[in-house]
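Trainee:
Protein chains: 2
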Amino acid sequence: MKFEERTLSTEQIFSGKVISVQVDDVELPNGKMAQRELVKHPGAVAIIALTKEGKLVLVEQFRKPLERTMLEIPAGKIEPGEEPELTAIRELEEETGYRANSFTYLQTFSTSPGFADEIIHLYVAKDLVKVDQPAIGDEDEFIEVLEVSVQEADELIANERIYDAKTVVAVWYAKSL
Amino acid sequence: MKFEERTLSTEQIFSGKVISVQVDDVELPNGKMAQRELVKHPGAVAIIALTKEGKLVLVEQFRKPLERTMLEIPAGKIEPGEEPELTAIRELEEETGYRANSFTYLQTFSTSPGFADEIIHLYVAKDLVKVDQPAIGDEDEFIEVLEVSVQEADELIANERIYDAKTVVAVWYAKSL
C-alpha cells in the first residue's frame, strides 16, 4: 500500500471502557523511524432521523471533552459483536423514543484519522413512530430531544450550537434527501 | 450549564507529542458518579483549497490509525501559540506548494466529542498560486497532491477513498461556494 508505515513494535499505554491508547514505532517509506500515538475506539453509528414533517431529530447533551452542551444527531458506540444497523436502531430508540419504519445505510467515515481509528456508520431513518415505552439507554447519559427544520439546523451550525463534524455532515445530507 | 458534569478528580494517563490522555471522575446531574476517558489534542486547521479551474486540492497520505491511505483536504495541527489562520497558510504551502491570494475563515467543528477535545478550524483558500520553493513540512509526512472536480470528489466519497468527516464536510461546502 502506498506510503505504508510498517509497525516495528507496539507499546500498550491504556485500556479503558471506551478507548484504548498505544504508541507504535513505525518504519517510514524512506526507511527512517517514527512514533505514532494511536487511540483505539470500537466504532459508532449516527442517525439522520427525519420526522413526517421533515424535521431533523437532534439530541442535546453535555460533552465532557469540550466542557459544553452540544446539539448532535443521535449516535452511539457499537457494542462488542453488535451489527451496526442494530446499534443504530437501538440508539435511536434509547435517545429519542423513536422507531423508524424506513432505515437505510448511507455512508461510513473516519472522524480523526490523524490519531484515532474511530469510524461512524451513518444511517437515514424515516417514517418515525414514537414508542410508548422506549428502551432505556446508558444511565449516565442525560439527553434532551429537539426537532428542527433544516433551515434552523443551518442557523445552529452558524451559531455553533451544532459543533461536531458528523452533525454538520448530517445537515448537508438532510438538505439533499 | 445544562447537564453539566462536575470534575471531582483527574488522573493523568499519558502525555505524548500529539495527544495526552486523562481519566476524570465526574459528578452527574443526578448526583451519581461516572468516569470519562478524555483525549486532549492541540486543535487543527483544514483548508478547502480551490484552484482557478474550480478544482478541490486533496492530499493523499497513509493514516496509521486506520492502516490505509486516505484522500483528505490539506490539514494540520496548530503549533503552540500559533494563530490558526497562520497554521492554515503554513500547512497549505507545506502540503501542496500553494499560496492563496484569498484566505477566508469558514467554520469550526469538533471531530469526536464523545472522547476527544480536538476541534478543526476550516478555511477557504482561493486564487491559488504555486510557490517556487515551498516551505518544507514534517519530515515524517509522505504526501501526494491531487486536484479533483467536485463531481469527482463525490465519487471518491461514494467509493470511500475520501473517508474522513472533515473532507466530506469540505466537499459539501465546495459545492456551495
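Chains as they are written, first to last, in this note's numbering: chain G, 1 to 177; chain A, 1001 to 1177. Note that beta-carbon positions come from the ideal geometry of N, C-alpha and C, so glycine has one too. What you are looking at is a predicted structure, and each value in this text was computed from that prediction instead of being measured.
Along the chain, which unbroken stretches of the beta strand (DSSP E) at least 3 residues long are found entirely within the region 118 to 160 of chain G?
Mentor: Whole beta strand (DSSP E) segments, 3+ residues: 119 to 130 and 144 to 148.
Trainee: List the whole-angstrom C-beta distance separating Q61 of chain G from T51 of chain G, where the pair is believed to meet the contact cut-off of C-beta under 8 angstroms.
Mentor: Not confirmed; about 20 angstroms, so no contact.
Trainee: Determine the DSSP secondary structure at V106 of chain G, reduced to helix, strand or coil.
Mentor: According to the sequence displayed, residue 106 of chain G carries Leu and not Val. If DSSP states are grouped into helix, strand and coil, L106 of chain G belongs with the strands.
Trainee: So, using beta-carbon positions, are F103 of chain G and A75 of chain G closer together than 8 angstroms?
Mentor: Cβ atoms of F103 of chain G and A75 of chain G: not closer than 8 angstroms.
Trainee: How would you call D127 of chain G, buried or exposed, if buried means at least 16 neighbouring beta carbons within 10 angstroms?
Mentor: D127 of chain G should be labelled exposed.
Trainee: Identify the contact partners of Y1163 of chain A in chain G, using a Cβ-Cβ distance below 9 angstroms as the criterion.
Mentor: Those within 9 angstroms of Y1163 of chain A in chain G are T108, F109, S110, P113 and I119.
Trainee: Which residues in the same chain have their Cβ closer than 8 angstroms to the Cβ of I48 of chain G, if we skip the five residues on either side of it in sequence?
Mentor: Excluding positions up to five away in sequence, the list reads L56, I73, L106, L122, Y123, V124, A125, A170, Y173, A174 and L177.
Trainee: Taking 7 angstroms as the limit between beta carbons, can you name the residues of its chain near F3 of chain G, skipping five residues before and five after?
Mentor: Cβ within range, chain order: P29.
Trainee: Closer than 8 angstroms is the cut-off here; do at least three beta carbon pairs connect the region 33 to 47 of chain G with the region 131 to 149 of chain G?
Mentor: No: the two stretches stay apart, fewer than three of their Cβ pairs being nearer than 8 angstroms.
Trainee: With DSSP collapsed to three states, give me the class of T111 of chain G.
Mentor: Three-state result, T111 of chain G: coil.
Trainee: For I89 of chain G, which of helix, strand or coil comes out of DSSP?
Mentor: Looking at I89 of chain G - three-state DSSP - the assignment turns out to be helix.
Trainee: Quick check: D164 of chain G and F1109 of chain A, are their CB atoms within less than 8 angstroms of each other?
Mentor: In this structure, F1109 of chain A lies closer than 8 angstroms to D164 of chain G by Cβ.
Trainee: Taking all protein chains shown into account, decide if K17 of chain G is buried (16 or more other Cβ within 10 angstroms of its Cβ) or exposed.
Mentor: With fewer than 16 Cβ atoms within 10 Å of its Cβ, K17 of chain G is classed as exposed.
Trainee: Looking at the C-beta of A153 of chain G, does it have a partner C-beta in chain A at a distance below 8 angstroms?
Mentor: Closer than 8 angstroms: no.
Trainee: I need the DSSP call for V1168 of chain A, collapsed to helix, strand or coil.
Mentor: Correct three-state label for V1168 of chain A: helix.
Trainee: Going by C-alpha to C-alpha distance, which of G:L58, G:H41 and G:E53 sits closest to T167 of chain G?
Mentor: Cα-wise, what sits closest to T167 of chain G is G:L58.
Trainee: Which residues of chain G have a Cβ atom closer than 8 angstroms to the Cβ of G1043 of chain A, listed in chain order?
Mentor: Ordered by position in chain G, no residue passes the 8 angstroms Cβ test against G1043 of chain A, which lies about 11 angstroms from the chain.
Trainee: What in chain A is Cβ-close to L38 of chain G, meaning under 8 angstroms?
Mentor: Within 8 angstroms Cβ-Cβ: K1064 and P1065.
Trainee: Give every residue of the same chain whose Cβ lies closer than 6 angstroms to the Cβ of N1101 of chain A, excluding the five residues on either side of it in the sequence, and list them in chain order.
Mentor: Once the five neighbours on either side are set aside, the close Cβ partners of N1101 of chain A are D1127.
Trainee: Can you check which of these residues, G:P65, G:E67 and G:L92, is closest to V45 of chain G by C-alpha distance?
Mentor: Taking only the C-alpha atoms, the option nearest V45 of chain G is G:L92.
Trainee: Grouping DSSP H, G and I as helix and E and B as strand, with all else coil, what is E53 of chain G?
Mentor: Of the three classes helix, strand and coil, the one that applies to E53 of chain G here is coil, per DSSP.
Trainee: Quick one: which chain A residues come within Cβ less than 7 angstroms of A34 of chain G?
Mentor: Ordered by position in chain A, the residues that pass the 7 angstroms Cβ test against A34 of chain G are D1140.
Trainee: Are the beta-carbon atoms of L71 of chain G and L8 of chain G separated by less than 8 angstroms?
Mentor: No; because the gap between Cβ atoms is not below 8 angstroms, this pair is not in contact.
Trainee: DSSP state of E67 of chain G, grouped into three classes?
Mentor: Note: E67 of chain G maps to coil in three-state DSSP.
Trainee: Closest by CA to P65 of chain G, which one among A:F1115, A:S1149 and A:F1142?
Mentor: Ranking the options by Cα distance to P65 of chain G, first place goes to A:F1115.
Trainee: Short check: CB of V26 of chain G to CB of R6 of chain G, under 8 angstroms?
Mentor: Cβ distance < 8 angstroms, so V26 of chain G and R6 of chain G count as in contact.
Trainee: Give the DSSP-derived three-state secondary structure of K1002 of chain A in the structure shown.
Mentor: K1002 of chain A: coil per DSSP, three-state reduction.
Trainee: May I have the straight-line CA-CA distance separating F1142 of chain A from I19 of chain G, to the nearest angstrom?
Mentor: Computed Cα separation, rounded: 28 angstroms.
Trainee: Would you please state the rounded distance, in angstroms, between the beta carbons of E1118 of chain A and G1043 of chain A? I believe it to be under 8 angstroms.
Mentor: Correct: roughly 6 angstroms between the Cβ atoms.
Trainee: Can you find a CB in chain A that lies within less than 8 angstroms of the CB of D25 of chain G?
Mentor: Judged by the 8 angstroms Cβ criterion, D25 of chain G is not in contact with chain A.
Trainee: What do you get for P1080 of chain A, buried or exposed, if any count of 16 or more other CB atoms within 10 angstroms of its CB means buried?
Mentor: P1080 of chain A should be labelled exposed.
Trainee: Closest Cβ-Cβ distance between F1103 of chain A and chain G: below 8 angstroms?
Mentor: So no, F1103 of chain A is outside the interface.
Trainee: Write down the C-beta distance between S112 of chain G and S1112 of chain A rounded to the nearest angstrom, noting that I regard them as a contact closer than 8 angstroms.
Mentor: Correct: roughly 5 angstroms between the Cβ atoms.
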